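Heads up: the sequence lines are chains A and B, in that order. To convert, note that position 55 of the first sequence is 56 in the working numbering; the numbers rise steadily by one, no gaps. To convert, note that position 32 of the second sequence is 33 in the working numbering; the numbers rise steadily by one, no gaps. Beta carbons: idealized from backbone N, C-alpha and C, even for Gly. Note that this is a predicted model, so its numbers are computed, not measured. Scroll down for the structure; my scribbles are underneath it.
There are 2 protein chains.
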Amino acid sequence: MPAPASSSPVPADFPATTASALIAAHGGRVTRTRVAVIEALQGAAHPLSHDEVGVALTDAGIAHDRVTLYRALEWLVDKDIAQRIAASERAWRFEIRRGGEHRHAHFHCDRCGQVLCLEDVPSDSKPALPAGFELDRSELVLHGACADCGRRGLKMEAR
Amino acid sequence: MPAPASSSPVPADFPATTASALIAAHGGRVTRTRVAVIEALQGAAHPLSHDEVGVALTDAGIAHDRVTLYRALEWLVDKDIAQRIAASERAWRFEIRRGGEHRHAHFHCDRCGQVLCLEDVPSDSKPALPAGFELDRSELVLHGACADCGRRGLKMEAR
DNA sequence: AGTTTTGATGCAACATTGTAGCATTTGAAA
DNA sequence: TTTCAAATGCTACAATGTTGCATCAAAACT
C-alpha cells in the first residue's frame, strides 16, 4: 500500500527505498508485479535479465505474464527507476538506478555470460563528439573471464 | 587448418588489404560470400548489422543464405578479422578490425538506431578488477542523438 | 462504501534475431 | 582429375521482444 501523500513529504526525485514509494512517486499504479520486480532488482547482486526477474517473481509466488513483465521493466526504464544494459548476448539486463547520476561500468564474462557491476569503475566519460551530436550517457562494458570461470586455457567464444 | 606457411609468406597478423588475402592468411577457403562480406564491411562507414551486410551482398549480386551469412560473420569474428559490437538493440553489429590493437568507442543514436565509429575516442581502459578476473577487452558505447536526428525536444526512447 | 475511469494485465499471435542438423556443393590439395 | 573436408543452403527450431485487444483492478470521485 502506498503511504498517503499527505503524511510522506517525499519529493519525486528522492531516492525512495520502498518499491511502492518509488512507483507512486512517478505517478504509476502500485501493482503486485511492479513491486515484486523492483524488489527483485533491488535485492539482486548483479543486473538481471528479463528471464531472471521472471524466476524471482515465480519464487516469490507472484503469478505473472511474460508480456506484463516486459512492460513493467519498460516502464521502470522509462521512468528512470531502472536502466537497461546491453552487456552482450541478446537479452537486456536490468538494474535499479541508485541515487544520483553515479554510473558504473559492468563486467561481462564471455565464458558463463554472467554480468556484474563494477561499482568503483565509473562509466561517465564525456569525450568530444562530432558537431551536432548530443551525448546522453556512456556505457562501459569490460569483457573477459570472471573468477568463477577462470580462463583455464580454453579459448573464449567471442560472444 | 592453417595455410602452409611455405607458399604464403604473409604472417597471419599482417594487415592484408584484399579480402582474399585476409581469408587465405587465416587458412580459410576463399568463397564469394566471404569475400563479399569482407568487402562490404571494409567499404562501410559504420559497423553493419547482419541484415545490412545481407543487403550489401544482394546489391552486389551475390546470392546468399541467411544462415551462411551468420556463419561467415561468425568465422570472421573467430579469426579476429572482424569484431562484434553490442551497441544496443538486439542485433549485433560487425566491423573490420583494422591494423593492430587500436580499439575505439562507438556512438549509438537512440533515435534512429544508427551506430558509428568514434575513431579518436579510445576504448582501452584497463581498470583494476576483482581478484581472479581476467580482462580481455573493453567496449565503450556512447548513447545520445546523432547530428541527423538532432534532439528536437522529443524524448528519446531508452532503447 | 459504491461507482467510475483508465492504467495495468493476460492472452494470442506475430516479428526479429540467431542456432542446429544434415544433405549437397565446391575450393583447393594431391 | 580426383578427392575430401570446408562451406553452403535448406528446414526446423530456439530465444527474445512486440502488438492488439478484451478484461481486470487501483485509486480517484462521488
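A Cβ of chain B is located within less than 8 Å of the beta carbon of A:Phe134. Contact annotation, A:His65 with A:Leu58: C-beta distance approximately 5 Å; criterion of less than 8 Å satisfied. With the rule of 3 Cβ pairs closer than 8 Å, the stretch 81-93 of chain A counts as touching the stretch 41-60 of chain A. Here A:Gly62 is exposed, its C-beta having fewer than 16 other C-beta atoms within 10 Å. Secondary structure at A:Ser21: helix, using DSSP grouped into helix, strand and coil. Put simply, the CB of B:Cys147 is near chain A, with a gap under 8 Å to one of its CB atoms. Here B:Arg138 carries a strand assignment [DSSP, helix/strand/coil]. Residues of the same chain with a CB within less than 6 Å of the CB of B:Cys113, apart from the 5 flanking positions on each side, are Cys150 in chain order.
In this structure, the alpha-carbon of B:Asp81 lies about 10 Å from that of B:Glu96. Proximity of chain A to B:Leu130 at the Cβ level (cut-off 8 Å) is accounted for by Phe108, Leu119, Leu143 and Gly145, in chain order. Pairing A:His105 with A:Glu120 gives a Cβ-Cβ distance under 8 Å. Non-local beta-carbon contacts of A:Val36 in its own chain, meaning distances under 8 Å to residues more than five positions away in sequence, involve Ala20, Ser21 and Ile24 in chain order. Interface with chain B (8 Å Cβ-Cβ cutoff): A:Ala87 is included. Beta-carbon to beta-carbon, B:Ala148 and A:Ala132 are separated by about 7 Å, close enough to satisfy the 8 Å threshold. Relative to A:Val78, the option among A:Arg94, A:Ser139 and A:Arg67 whose CA is nearest is A:Arg94.
The alpha-carbon separation between A:Ile86 and B:Ile86 amounts to approximately 13 Å. At a cut-off of 8 Å between C-beta atoms, A:Val122 counts as an interface residue with respect to chain B.
From the listed residues A:Arg99, A:Trp76, A:Leu141 and A:Glu135, the smallest Cα separation to B:Asp111 is found for A:Glu135. Rounded to whole angstroms, the gap between the alpha carbons of A:Val116 and B:Thr34 is 35 Å.
In the structure shown, the three-state DSSP call for B:His107 is strand.
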